[in-house]
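Let me begin by presenting the structure, written as structure tokens, before commenting on it.
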Amino acid sequence: MRKLKAGVLAGTGMVGQKYVELLKDHPWFEVSYITASEKSVGKRYSEAVQGRWHMNCDIPKGVKGLEVQPMENLKGCKDSCDFVFSALGSEPAKEWEEKYAAADIPVVSNASAHRHT
5 MRKLKAGVLA GTGMVGQKYV ELLKDHPWFE VSYITASEKS VGKRYSEAVQ GRWHMNCDIP
65 KGVKGLEVQP MENLKGCKDS CDFVFSALGS EPAKEWEEKY AAADIPVVSN ASAHRHT
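Number 53 in our numbering belongs to position 49 of the sequence shown; there are no gaps in the numbering.
Below, the structure written as structure tokens:
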């Protein structure tokens, strides 16, 4: 069975890191795309979280080399992912999760803004 390709929105923060950790050896999903703020865009994931990786495991091998993408790259996400996990805070989630959903990218949200939608 092919693993589904998952993106992580806001993947360098604490909640995003937790998603990366939880998906590390998942039998159904593999992380294929990560977004973050402008200060991390263009860096390899391992560089973007260097000195601030807070999980109880090493950064997963399959994620270390991923290039962190800007939130605005909806086409790149759609081409790389089957769906995304969102680690965005409530305010940015209101805008960005709706944009991703409108682009036909399924969103699994951790934000209270869309908890019941």
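We put the CB at the ideal spot given by N, CA and C, even for glycine.
- Please confirm whether any heavy atom of the ligand ATP lies closer than 7 Å to the CB of Val-112. With respect to small molecules bound, the structure shown includes none, and the ligand ATP cannot be examined in it.
- Message: Just to confirm, is the Cβ distance from Ser-84 to Ser-36 under 8 Å?
- Response: By 1-based counting over the sequence shown, the position of residue 84 is 80. By 1-based counting over the sequence shown, the position of residue 36 is 32. Yes, they are a contact pair.
- Query: Would you say Leu-27 and Ala-91 are within 8 Å of each other, going by their C-beta atoms?
  - Reply: Taking the first residue of the sequence shown as position 1, residue 27 is located at position 23. Taking the first residue of the sequence shown as position 1, residue 91 is located at position 87. Not in contact: Leu-27 and Ala-91 (Cβ atoms no closer than 8 Å).
- Does the distance from the CB of Ile-109 to the CB of Phe-87 come in under 8 Å? Against the sequence shown, residue 109 aligns to sequence position 105. Against the sequence shown, residue 87 aligns to sequence position 83. It is a contact, given that the beta carbons lie within the stated cut-off.
- Burial state of Ser-116 (16 or more Cβ within 10 Å): The residue given as residue 116 occupies position 112 in the sequence shown. Per the 10 Å Cβ criterion, exposed.
- For Met-18, which residues from the same chain have a beta carbon less than 7 Å from its beta carbon, with the 5 sequence-adjacent residues on both sides left out? For the purposes of this step, residue 18 is taken as residue 14 along the sequence shown, with counting starting at 1. Cβ within range, chain order: His-58.
- Task: Rank Glu-95, Ser-44, Ala-10 by C-alpha distance to the C-alpha of Asp-29 and give the top, closest one.
- Result: One-based indexing of the sequence shown puts residue 29 at position 25. Ranking the options by Cα distance to Asp-29, first place goes to Ala-10.
- Query: Going along the chain, which unbroken runs of the beta strand (DSSP E) with 3 or more residues stay wholly within the stretch 67-93?
  - Reply: 87-90
- Roughly how far, in whole angstroms, is the beta-carbon of Ala-40 from the beta-carbon of Gly-69, given that I think they are within contact range, below 8 Å? Taking the first residue of the sequence shown as position 1, residue 40 is located at position 36. Taking the first residue of the sequence shown as position 1, residue 69 is located at position 65. Actually they do not touch by this definition, with Cβ atoms about 15 Å apart.
- Query: For Gly-11, which three-state DSSP category applies?
  - Reply: Taking the first residue of the sequence shown as 1, we reach residue 11 at position 7. Three-state DSSP puts Gly-11 in a strand.
- Taking Val-45 and Gln-73 to be in contact with their CB atoms under 8 Å, please state how far apart those CB atoms are, rounded to whole angstroms. Position 41 of the sequence shown, counting from 1, holds the residue named residue 45. Position 69 of the sequence shown, counting from 1, holds the residue named residue 73. Rounded, the Cβ-Cβ distance is 7 Å, consistent with contact.
- Item | Identity of the residue in Lys-7, Ala-97, Glu-34, Lys-103 nearest Lys-65 by Cα | Residue 65 sits at position 61 when you count from the first residue of the sequence shown. For the residues Lys-7, Ala-97, Glu-34, Lys-103, the minimum Cα distance to Lys-65 belongs to Glu-34.
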